[in-house]
Every structure is written in C-alpha cells, then in structure tokens.
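As structure tokens, the structure follows; a few thoughts come after it.
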Amino acid sequence: MLQQRSKMAWMKDGDQCSRLFFRKVAKRRSSKRVFQIMTPDGQTLINQPDVINEFVRYYQDLLGGRSRDRFIDLRHLRPWARHVLTEAEADALVVPVSPEEVKQAVFDIDESKAPGPDGYSAGFFKAAWPVIGGEVTQAIRDFFQTGRLLKQVNTTLISLIPKVSNPAVVAEFRPISCCNVLYKVITKILVQRMRGILDMLISPSQNAFVPGRAIGDNILLAQELFSGYNQKHLPPRCALKVDLRKAYDTVEWDFLRAVLMLFGFPEQFIQWIVVCVTTPSFSVCLNGAPHGFFRGARGLRQGDPMSPFLFVLVMEVLTLILQQRIGQNGGFSFHWRCDRIQLFQLGFADDLLLFSKADPNSVSLFKEGLTTFAELSGLQANLHKSHLILSSSAAPLRATLLTILGFQEGHLPLRYLGLPLLASRLSVADCHPIIQKIEARIRGWDGILLSFAGRVQLIKSVLSALQVYWAMAFILPKHVIKDIEKRLRNFLWKGSIETGYAKVAWQQVCRPVDEGGLGIRDIHALNKGLMSRHLWRLIVNERSSIWVNWISHYRLRNYSVWTISTRSGTWGWRKLIRLRDSLRPCITYRIGDGTSFSLWHDPWHDRGPLISQFPLGPRHTSLPASAPLSIVIFEGNWTWPPVTHMESVDITHTNYRETAIGQDGNSQTA
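Following numbering that gives the first Met the number 0, the numbering of the sequence shown begins with 0 at its first residue and continues without gaps.
Written out as structure tokens, the structure reads:
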C-alpha cells in the first residue's frame, strides 16, 4: 500500500525502506494540497469551502456543460479516408466476449494504479480471482450482451496533478480520472479489439497509440524539416505548432459518434463505446477527499484506457478535412521537401505541427481547416499557446501570416514532445534540460535512506531511463555524456550530486554483472545502439514509418544506407549515417527474389555494394543506378548483361523474400 501511495515503481526490485516510503508519501501529499486558488476575475480564495467550490464549479463547467443534441454527418470525408472497415473487419469487432478475454484484461491492469471510487485496486481483483473471477466475468459479459452499464460502475474521481511548480489557478492542474476496475476491464477489451485496425485507419503522420509506430519518427522528421530555417537563400517555409485547448476534455460526444460511423465501425461496437463515454459521473478529489457530484456531458477522460485511441481517431478527421481542402484548392503549396510524399502535418495525439510554404493561401487553408474542425469537434486552438515559426527567407510575410492565424510568433529552438527542435546542430547548452532533470531527481531523494544496492537500482531503472528519450533522437555531444556520467557516479558513491571519491572505475561499473560490473548501462553505447536502430529501419525499409518514407525520397533517393555520402545533409543525418560502419558487421543479407534489394547499392554480395567494385557499372551495363536486384534474375538464374567482368559475381539465391539478419539472429523482411 505504501509503495502504491508513494508512486515509487522503481522500488519493486530495490530497497524496501518503510521510512523512505513514509517520507515520499508525506512529500506527495504535501505537494498536492491546495490552500488557496485564484478565480478568473483575480480574486484569491483562502477559505477551504470556497476553494473546493471553485474547483467543483470549474470542472462542472468544463466536463458537465450542456450537451449538444445534433446529428453530424462526416460521410463526405470518406473519399479522403485512408481506409473504411470492411464487413469482415467490422464483424470481428463484435464477436462474443470470451472468459479468457475478461481475465486477460483484468491481469493487464497495473497493480500500482490508483483505485477508483469503489476503493478496489487491480491487485485485489488479481489476488481474489479464484473466488470472484466467475462473477466478474459474468458481469462484464452481461454488459457486452445487453449494452447496459450500472451508473455506479462508471463513477469517476478526478485527481488533480499540478502542471507547474506553484499552480495559482484551477487551469494549472491536470485532471486525471480514476476509474473503477470493472469499467477499465470493459474498455481494455474494446481497446484490444481496436488495436489491430488502427494502423489501417490512421494516417502515417499520426504516430501516437498506433501499434508499430514510434514517437521518434516525429522528432527525427521535424528536425529534418526545421533544418536550415536560419538560412535566407532557401525557399520561404513555415510551420504551425498548434496547441489545442483542453484537448481531451472538450471532445463533443455527438462528433465522436460521427467519427466512428465515418470509419465504418459496426453499430453495436459504437453503442458499447458511446455507453462507456457518455454515462460518467464525477467527483473532484481535493486535499484527500472527494467533493461534488455531477454528470459529464462531453470529453474523453484522461485515465480511461480507451481515451487515447478514440482521440487519435478524432484527430484523424482533422487530417481528412485538411486533405480535402488541399485536394480541392489549387492554391496550397507544400513545405520545401514535402511535396513528393504529400506531407503537411506531424501529429502525436494533440501535439500537432502543420507545414507549408510561407504564403497567405496555404496558411489561410490551415486556418479554415482548424476552424471547421473546432466547430464540429469542440477542439479549439489556443491562440495564446499556438505558434507560427517562419524561416528567415519568409520574414517579409511575418505580419500578414500572423494576422491570418492569430497565433503567437515562435522561434527556434522550440520544445516539441519534450525535446528541442533546432535549425542547426545540437549544442551542449541545448542539452541542459536533461542534466537539470537528473540533478532534480537526485536532489529529491534522500541518499541516507538508500543502501548502495538501492542506489544501483535507482540508476538502472530511473536515472538511466531519463536520457533514453534524448538518446534515441540525437547523437549526444561527448561533453554531455561525461556530465551525465559524472552525476550518476557521484550519486552511486556519495548518494548526492557532490563530487566524491569513486572506489571503482566507471568503465568497470558499466560492465555486465557476470563480468564483474554492476550492469549499469554505458551511456555512449546506449546512445549508439538506439540511434543505430533507425539505420536498421532504413535498411529493412520499414514502410509504416513516415520518417523512413521521407528519408527514402529526399536523402537516399537512388542510394542506400551503405553508399550515401556522409558529407551532405543535416548535422543529425550526417551523425546518424556515420554509424553504419559499426552496424555493417552485425548484418547479413539473404537474397530472395530480388525485388527489395538495390542491385548497385545494397551489400548483398560478400564484396560489398557493387557500385564500390564497379563505379561505372550503371553506365556500361544499361542497368540504372536505381535498379532492383531482380533485374538480373530470371527463372532462378543470373542474367547479367554482356559485360564479362560483371559475370564474375557468383551468388546463389532462393525464391523467398529478402531478409536482413542481425547478429543476434533476429531478422526482418525487406
């Protein structure tokens, strides 16, 4: 119980120090207590009943406002949709729920999650499953058979998480909904059925909550597009960083139903979702006690397992609206290096970037699309937090474009998904936030209460994880890596950030346990490995990745990872492509039917890429530089052109698809 209340998940395999737990619980309780709050008209409330009433009033207005009763038809957007569910796909969503599905959903819920208003945690249901499992299963299956949900099951506690260090107004708290476990089981079953179809429905430019897609694609591609914004000789470009006001909390329910109908979800499945979403009642948890009780009228609850997946479907409609306007309006101009793949946005849930040429027609189209989307969905752009970023060459249009949008002007470096977007190379100063975050974590722990083994566990599970996010997006400067290692080393031996005597060299500490080390990850090796993963995705041509698609069109073109020059492109791209030399010995190519490998540029032969052996080969053989390997394979035999020195290439092949095989035995079809 103390571990759950202290929210110290890393303690599972570390210290079991009750004193430390009690201190963390007390600290969390103190940080979440609200003694005063400011009203919208500037009045400061210090009387506790007044403070409570202000919170209840705010969330009742936000979530329990008057529901709209209207019919929305989005079927005119179907021609622009990536996919509409077929009859077979729709039928698969409404097959009867099995007892195994129910049990799996229960046991998938993290035991450390806060319980709902009924007070029962997932840990209780798991421990008591032999006794209560049958009744729970029957209750869940009854919902899917009848479509009725007891109102007690859908009661919700709103837990308030401060967005800033010293919140002054209610809007500076993030409302997290604590739902009952029975409700979570229902929505987890619905989510599990939706997972398999999201990749078909959601555009490649939206990477949140879609299986197989990664947040790193947004960061890597945005970094490429913003490169050179400080150069005046490049074409005028602009980007809109759109902040949606109270995104999850303001989704209109009639619009959500229309979205599900647009994509072809079956009526029974829609009804299950609608019942779950539209029947909640709320109480606000303030200073350890629930207050107020009101019914919801709009919004998707943050804390409901289903909300993120429904939200990306909602955001897909914005994509369709913009696609329709771009397709029907000849005045839109794509951002530099975006027209080949028709790229105009990058989305990660409600984090939205829109890209275009810096001209009034294109920006006006974005503005019109956002306005239409707001009228339908309830999701409005926050004009005070949304920004227009202009390249240096677009400076003369600054006033005109800002007037059209009503946004604030933004400047690089700009924070996006927690990382800086830059016009040039990553500097040591740009990495200060990660250093500060590590220092803040260390200062927040009392090293005296932790054993040496506990500090080792903390470094492995928390401090090392903090830089993983940065390490998968940037090749970190060596000085930054040294600064991080210094702080980890000091915490390991001293329990603080103060410099102290190290008893063992850090290189030895980072060795595996079976080699005499402590198993702490080497940051440089971790950074190198995470970034090499992006090269692997290029090698196997991961088609679901918007970043891989863009790189293939604008960086590689007719080349491959192995033959592209390391001297051209952005700073980040040059750093990334230089990792190929260390990756090459770890990969073996197996030839299949030849359709997926490049004849000249892929190292499918032991000698390496043919272009390195025969630089004039494309000219002398009439085989273009972009030719696939299959061009010289016919009915299982090599069919080289009549150039004698090319016939010396002796390779066997099979009728299987090409496969790149990693050193660890893992393989992926190209």
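Cβ coordinates follow ideal geometry from the N, Cα and C atoms, glycine included.
As the structure is a computational prediction, the values presented were derived from the model and not from experiment.
Per DSSP, G291 is one residue of the beta strand (DSSP E) stretching across A288 to R294.
Ranked by how close their Cα comes to the Cα of A80, the residues N153, Q42, R147 and G326 have G326 in first place. Considering only F354, K125 and D198, the residue with the shortest C-alpha distance to I340 is F354. If you look at K150, you'll find it isn't in any alpha helix (DSSP H); DSSP assigns it neither H nor E. If you ignore the 5 residues before and after S559, its C-beta comes within less than 6 Å of the C-beta of S597, H600 and D601, all in its own chain and listed in chain order. By a beta-carbon distance limit of 8 Å, T565 does not contact I550. Their separation comes to about 14 Å. Comparing alpha carbon positions, the residue from E484, Q456 and Q230 closest to N526 is E484.
According to DSSP, V283 shares a beta bridge with I157 and H290. A straight line joining the alpha-carbon of I388 with that of D429 spans about 19 Å. D242 has D350 as its beta-bridge partners, per DSSP. Remark: C-beta atoms of I433 and G368 do not approach each other more closely than 9 Å. Judged by pairs of C-beta atoms under 8 Å, the segment 580-590 does not touch the segment 610-619, as fewer than three such pairs exist.
By the CB criterion at 9 Å, L487 and S463 fall inside the cutoff.
Distance between H478 and W335, taken at the CA atoms: about 34 Å.
Under the DSSP assignment, H386 falls in the beta strand (DSSP E) whose first and last residues are H386 to L389. A contact is defined here as three or more CB-CB pairs under 8 Å, and the segment 193-207 fails this definition with respect to the segment 132-150. Spanning the alpha carbons of P476 and R424 requires a straight line of approximately 10 Å. Separation of the CB atoms of R554 and W572 is rounded to 6 Å, and the pair is thereby assigned contact status at 8 Å. Within the segment 348-433, the runs of beta strand (DSSP E) that reach at least 3 residues and sit entirely inside it are, in chain order, 350-356, 386-389, 407-409, 413-415 and 418-420. With 16 or more other Cβ atoms from the protein chains shown falling within 10 Å of its own Cβ, H533 counts as buried. In the displayed model, R542 falls within coil according to three-state DSSP, outside both helix and strand. In the three-state reduction of the DSSP assignment, M260 falls in the helix class, which pools H, G and I. Ranking F254, F333 and L517 by CA distance to the CA of P235 puts F333 first. Straight across, the Cα-Cα distance linking E99 with L62 is about 35 Å. Spanning the alpha carbons of S306 and V512 requires a straight line of approximately 41 Å. Annotated as distal: F406 and L364, with beta-carbon spacing of 9 Å or more.
Taken through DSSP and simplified to helix, strand or coil, S176 comes out as strand. In the structure shown, N636 adopts extended strand secondary structure according to DSSP, grouped into three states. Between F264 and L92, the beta carbon gap of about 7 Å places them in contact (Cβ cut-off 8 Å). Boundaries of the alpha helix (DSSP H) harbouring I610: L609 to Q612, taken from the DSSP string. The continuous alpha helix (DSSP H) containing Y58 extends over residues Q47 to L62. With a beta-carbon spacing of about 10 Å, T154 and S176 fall beyond the 8 Å limit used to define contacts. Annotation for R542: N548 place their beta carbon closer than 8 Å to its own, counting only its chain and skipping 5 residues before and after. From the listed residues A394, L578 and D605, the smallest Cα separation to I590 is found for D605.
Beyond the five residues adjoining it in sequence on each side, P640 comes within less than 7 Å, by CB distance, of T620, S621 and L622 in the same chain, given in chain order. Within the model, the alpha-carbon separation for N52 versus N165 is close to 20 Å.
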